[in-house]
Amino acid sequence: LVKTHNLLTTRNYIFGYHPHGIMGLGAFCNFSTEATGVGQKFPGIRPYLATLAGNFRMPILRDYLMSGGICPVNRDSIDYILSKNGTGNAIIIVVGGAAESLNCTPGKNSVTLKNRKGFVKLALRHGADLVPVYSFGENEVYKQVIFEEGSWGRWVQKKFQKHIGFAPCIFHGRGLFSSNTWGLLPYSKPITTV
Numbered sequence: 003l004v005k006t007h008n009l010l011t012t013r014n015y016i017f018g019y020h021p022h023g024i025m026g027l028g029a030f031c032n033f034s035t036e037a038t039g040v041g042q043k044f045p046g047i048r049p050y051l052a053t054l055a056g057n058f059r060m061p062i063l064r065d066y067l068m069s070g071g072i073c074p075v076n077r078d079s080i081d082y083i084l085s086k087n088g089t090g091n092a093i094i095i096v097v098g099g100a101a102e103s104l105n106c107t108p109g110k111n112s113v114t115l116k117n118r119k120g121f122v123k124l125a126l127r128h129g130a131d132l133v134p135v136y137s138f139g140e141n142e143v144y145k146q147v148i149f150e151e152g153s154w155g156r157w158v159q160k161k162f163q164k165h166i167g168f169a170p171c172i173f174h175g176r177g178l179f180s181s182n183t184w185g186l187l188p189y190s191k192p193i194t195t196v
């Protein structure tokens, strides 16, 4: 986590985080844990990582997410944090969401912003400052099968995303005991968040 500016504890913030990657590991590690010292770099600022509301419907996952200061990315939650929770709050929104995750592949960076203006409207309504955040290396930690636009695979992904809320990606990382095997652990690649 690279700090480029001080944040005032008398203000609230919305961080627009890119890219999503497969799982948003950079956002989670930097803002939901103290792995990179976010508390020391931004004293007095309480980070809240926002994720799909559907993640809070699973009992054990819900408790795990809430213990890390993660909240649903919906208007009610963001309104509460920005208006009834005092100042010194920072909500991290992975702006590209599931649509952006469909295009993540090592060596390629794409940002999805089309039809994603709700967070700007919320910032204007509450007087919160917008902070752009970019993680270099987020797309390097997993490899996925990319279906071209117009293919049956992309059609299935988009239909699933529309009805369920997230896009199913066919991806792999490294294995548990060896980096030469496939598995669900991320590849050992650095993620630098600015």
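Its first residue numbered 3, the sequence shown is counted upward by one per residue in the working numbering.
C-beta atoms are modelled at their ideal positions from N, C-alpha and C, and glycine is treated no differently.
Whose C-alpha, out of C73, P49, L9 and Y19, is nearest the C-alpha of V138?
-> Taking the sequence shown and counting its residues from 1, one reaches residue 138 at position 136. The question names Val, but residue 138 in the sequence shown is Phe. Nearest C-alpha to F138: Y19.
S224 - containing beta strand (DSSP E), residue span = Given a span of 3 to 196 for the chain in the structure shown, any question on residue 224 remains unanswerable.
CB of V113 within 9 Å of CB of G99, strictly | The residue labelled residue 113 in the question sits at position 111 within the sequence shown. The residue labelled residue 99 in the question sits at position 97 within the sequence shown. Result no, Cβ atoms of V113 and G99 do not sit closer than 9 Å.
Closest residue to T1 among I94, G155, L9 and S153 (Cα-Cα distance) | The structure shown does not extend to residue 1, since the chain is modelled only from 3 to 196, so the question has no answer here.
So, using beta-carbon positions, are L197 and A92 closer together than 9 Å?
-> The displayed coordinates of the chain run from 3 to 196. Any statement about residue 197 would go beyond what the structure contains.
Of the listed residues H128, N57 and Y136, nearest to V4 (C-alpha basis) = If you number the sequence shown from 1, residue 4 lands on position 2. Closest by alpha carbon: Y136.
My guess is that P188 and Y144 are in contact by the Cβ rule of under 8 Å, so how many angstroms apart are they, rounded?
-> Indexing the sequence shown from 1 puts residue 188 at position 186. Indexing the sequence shown from 1 puts residue 144 at position 142. That pair is a contact at about 6 Å.
Could you tell me which residues DSSP puts in a beta bridge with A92?
-> Residue mapping note: residue 92 aligns to position 90 of the sequence shown, counting from 1. Paired residues: Y15 and P49.
Report the rounded CA-to-CA distance for F149 versus N105, giving the unit in angstroms.
-> Sequence index remark: in the sequence shown, residue 149 carries index 147 (1-based). Sequence index remark: in the sequence shown, residue 105 carries index 103 (1-based). Whole-angstrom Cα-Cα distance: 9 Å.
Name the residue from I193, L132, H174 and Y82 whose alpha carbon lies nearest to the alpha carbon of E140.
-> For the purposes of this step, residue 140 is identified with residue 138 of the sequence shown, where counting begins at 1. The option with the nearest alpha carbon to E140 is I193.
Hey, how far is the Cα of H7 from the Cα of G155?
-> On the sequence shown, position 5 is the one that residue 7 refers to. On the sequence shown, position 153 is the one that residue 155 refers to. The alpha-carbon atoms of H7 and G155 are separated by roughly 42 Å.
In or out: N182 buried (at least 16 other Cβ within 10 Å) or exposed?
-> Locating residue 182 in the sequence shown gives position 180, counting from the first residue. It counts as exposed.
First through last residue of the alpha helix (DSSP H) which encompasses F30 | Locating residue 30 in the sequence shown gives position 28, where the first residue counts as 1. Start and end: L27 to F33.
Could you tell me how far apart the beta carbons of N32 and L84 are, in whole angstroms, since I believe they sit closer than 8 Å?
-> Sequence index remark: in the sequence shown, residue 32 carries index 30 (1-based). Sequence index remark: in the sequence shown, residue 84 carries index 82 (1-based). The Cβ separation is near 21 Å, so there is no contact.
R176: first and last residue of the uninterrupted beta strand (DSSP E) it sits in = To locate residue 176, count along the sequence shown from 1; it is residue 174. Run containing R176: F173 to R176, per the beta strand (DSSP E) assignment.
Is G23 buried or exposed, if buried means 16 or more other CB atoms sit within 10 Å of its CB?
-> As a first step, residue 23 is located in the sequence shown; it is residue number 21 there, counting from the start. When all chains shown are included, G23 counts as buried.
May I ask you to list the residues that DSSP assigns as paired with G99?
-> Position 97 of the sequence shown, counting from 1, holds the residue named residue 99. DSSP, once it has assigned bridges, lists no residue as partnering G99.
Can you check DSSP and say which residues form a bridge with C73?
-> Numbered from its first residue, the sequence shown carries residue 73 at position 71. Per DSSP, A52.
CB-CB under 7 Å to F30, same chain, minus the five flanking residues each way: which ones, in chain order?
-> Position 28 of the sequence shown, counting from 1, holds the residue named residue 30. Closer than 7 Å at Cβ, skipping near neighbours: L51.
Whole angstroms is fine: what's the gap from N87's alpha carbon to V196's?
-> Start at 1 with the first residue of the sequence shown, and residue 87 comes out as number 85. Start at 1 with the first residue of the sequence shown, and residue 196 comes out as number 194. Distance between the alpha carbons of N87 and V196 is about 26 Å.
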